[in-house]
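Read the structure below first, then the notes.
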Amino acid sequence: MIYVDHVPPYVFSGPSACEDEWDAAERWAQQNRLEVTDWGRITAPSFVDVHDDSVYAVYPVRATLTRNGRREVEEGFWTFVVQRRASGWLIRAATFSTVQFVPDGEPR
Numbered sequence: 004m005i006y007v008d009h010v011p012p013y014v015f016s017g018p019s020a021c022e023d024e025w026d027a028a029e030r031w032a033q034q035n036r037l038e039v040t041d042w043g044r045i046t047a048p049s050f051v052d053v054h055d056d057s058v059y060a061v062y063p064v065r066a067t068l069t070r071n072g073r074r075e076v077e078e079g080f081w082t083f084v085v086q087r088r089a090s091g092w093l094i095r096a097a098t099f100s101t102v103q104f105v106p107d108g109e110p111r
């Protein structure tokens, strides 16, 4: 498993990649004095491609947070590559790409 995100060390790999990224994201938020009120909502995928037993899917995500007392929205995309195994679906790779941070309620 490989996970890429905008929080150091940016690339997480191995069986604990998802957990390691989550811990790093929480540390990053704390170090940057961000209070995350909603880590994000996954909506319907904006793109899906299927090839044999593998799927590439991109999901728009919006997370809300408070920075310096002001609410902001982080807009981005969560991209996954998953593979069907006998035991179920396995995440092979994931990436979170931040597009922008905007004040909550500001037109986009």
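Position one of the sequence shown corresponds to residue 4 (the numbering used here), numbered consecutively onward.
Using N, Cα and C, we set each Cβ at its ideal position, and we do this for glycine too.
Just the Cα atoms here: how many angstroms apart are residue i and residue j?
| i | j | result |
| --- | --- | --- |
| THR46 | GLU75 | 19 Å |
| VAL85 | ALA20 | 14 Å |
| TYR6 | PRO63 | 17 Å |
| ASP8 | PHE99 | 5 Å |
Between residue i and residue j, is the Cβ-Cβ spacing less than 7 Å?
| i | j | result |
| --- | --- | --- |
| TRP31 | VAL10 | yes |
| ALA138 | PHE80 | As displayed, the chain neither begins before 4 nor continues past 111, which places residue 138 out of reach and without an answer. |
| GLU77 | THR101 | yes |
In chain order, what residues of the same chain have a beta carbon less than 6 Å from the beta carbon of residue i, not counting five sequence neighbours either side?
| i | result |
| --- | --- |
| ASP52 | TYR59 |
| PHE15 | TYR6, ASP23, GLU24 |
Step through the CB atoms of chain D and report whether any lies within less than 7 Å of the CB of residue i.
| i | result |
| --- | --- |
| TYR13 | Here there is only one protein chain, and chain D is not present. |
So, at 8 Å on beta carbons, what are the nonlocal neighbours of residue i in its own chain, with the 5 sequence-adjacent residues on each side left out?
| i | result |
| --- | --- |
| ILE94 | MET4, CYS21, PHE83, VAL84, VAL85 |
If you drop the 5 nearest sequence neighbours on each side, which residues of the same chain put their C-beta closer than 7 Å to that of residue i?
| i | result |
| --- | --- |
| ARG87 | ASP56 |
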